[in-house]
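J.: Take 338 as the starting number for the sequence shown in the numbering used here and just add one per residue.
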Amino acid sequence: MERSFFVSGQSMTMMRGRHSFMDEIKLEKWIQGTSKLFVKEGSRLSTQNLEVSATQVTFDFDEDLMFRIPNLFPVVSLMGRLILTRNADTGLITTTSKQTNWMEF
338 MERSFFVSGQ
348 SMTMMRGRHS
358 FMDEIKLEKW
368 IQGTSKLFVK
378 EGSRLSTQNL
388 EVSATQVTFD
398 FDEDLMFRIP
408 NLFPVVSLMG
418 RLILTRNADT
428 GLITTTSKQT
438 NWMEF
């Protein structure tokens, strides 16, 4: 995924301007924070089990996230399911819910 929004905050044109995340963070703050928190080039994302309807997009994900902490750059592995709620008229994503399982080491 060239501009994976999980780790870069990019590819957000599919999101409605008043998009809400389940943790109530505003979209603009999420984009800024995500791009500053993770190193895109050191992170990996794979997806599977994609399901698309007029009102929802869901998929399972498996990712390794490299945190932008100088001299350390730790990588954390996650697995989970992303649920994107869509406006049936515009197709734009209005709400994001991410169910995450942190991997134990």
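A virtual CB, placed ideally from N, CA and C, is assigned to each residue, including glycine.
Just so you know, these numbers come straight off a predicted model, no measurement behind them.
Counting only the same chain and skipping the five closest in sequence on each side, list residues whose C-beta sits under 7 Å from that of Gly428.
T.: For the purposes of this step, residue 428 is taken as residue 91 along the sequence shown, with counting starting at 1. Taken in chain order, the list of residues that qualify is empty.
J.: Express the C-alpha separation of Leu382 and Pro411 in angstroms, rounding to a whole number.
T.: On the sequence shown, residue 411 is found 74 positions in, with the first residue counted as 1. On the sequence shown, residue 382 is found 45 positions in, with the first residue counted as 1. Cα to Cα, the separation comes out at about 16 Å.
J.: Between Ser380 and Glu400, which are expected to be in contact by the criterion C-beta below 8 Å, what is the C-beta distance as a whole number of angstroms?
T.: In the sequence shown, residue 380 corresponds to position 43, counting from 1. In the sequence shown, residue 400 corresponds to position 63, counting from 1. 7 Å between Cβ atoms; contact.
J.: Just to confirm my understanding: we take Met403, look at its own chain, exclude 5 residues before and 5 after, and list those with CB closer than 7 Å. What are they?
T.: Translated into positions along the sequence shown, residue 403 becomes position 66. Cβ neighbours of Met403 beyond the five flanking positions: Phe375, Val376, Gly379, Ser380, Phe410, Val412.
J.: Contact defined as beta carbons within less than 8 Å: I believe Thr384 pairs with Thr422. What is the distance between those atoms, to the nearest angstrom?
T.: Translated into the one-based positions of the sequence shown, residue 384 becomes position 47. Translated into the one-based positions of the sequence shown, residue 422 becomes position 85. Not confirmed; about 18 Å, so no contact.
J.: Between the alpha carbons of Gly417 and Phe398, how many angstroms are there, rounded?
T.: As a working mapping, residue 417 is identified with position 80 in the sequence shown. As a working mapping, residue 398 is identified with position 61 in the sequence shown. One C-alpha to the other measures close to 5 Å.
J.: Would you kindly report the start and end of the unbroken beta strand (DSSP E) that includes Ile406?
T.: Position 69 of the sequence shown holds residue 406. Neither: Ile406 is in no beta strand (DSSP E) and is coded neither H nor E.
J.: Once the 5 residues before and after Gln436 are set aside, which same chain residues still bring their CB inside 7 Å of it?
T.: Reading the sequence shown from its first residue, position 99 is the one you call residue 436. Counting only Cβ-Cβ distances below 7 Å, and skipping sequence neighbours, we find Gly417, Arg418.
J.: Kindly list the residues whose CB is nearer than 8 Å to the CB of Asn387, restricted to its own chain and excluding five residues on each side of it in sequence; keep chain order.
T.: On the sequence shown, position 50 is the one that residue 387 refers to. Rather than Asn, the amino acid found at residue 387 in this sequence is Leu. So the list reads Val394, Thr395, Phe396, once near-sequence residues are dropped.
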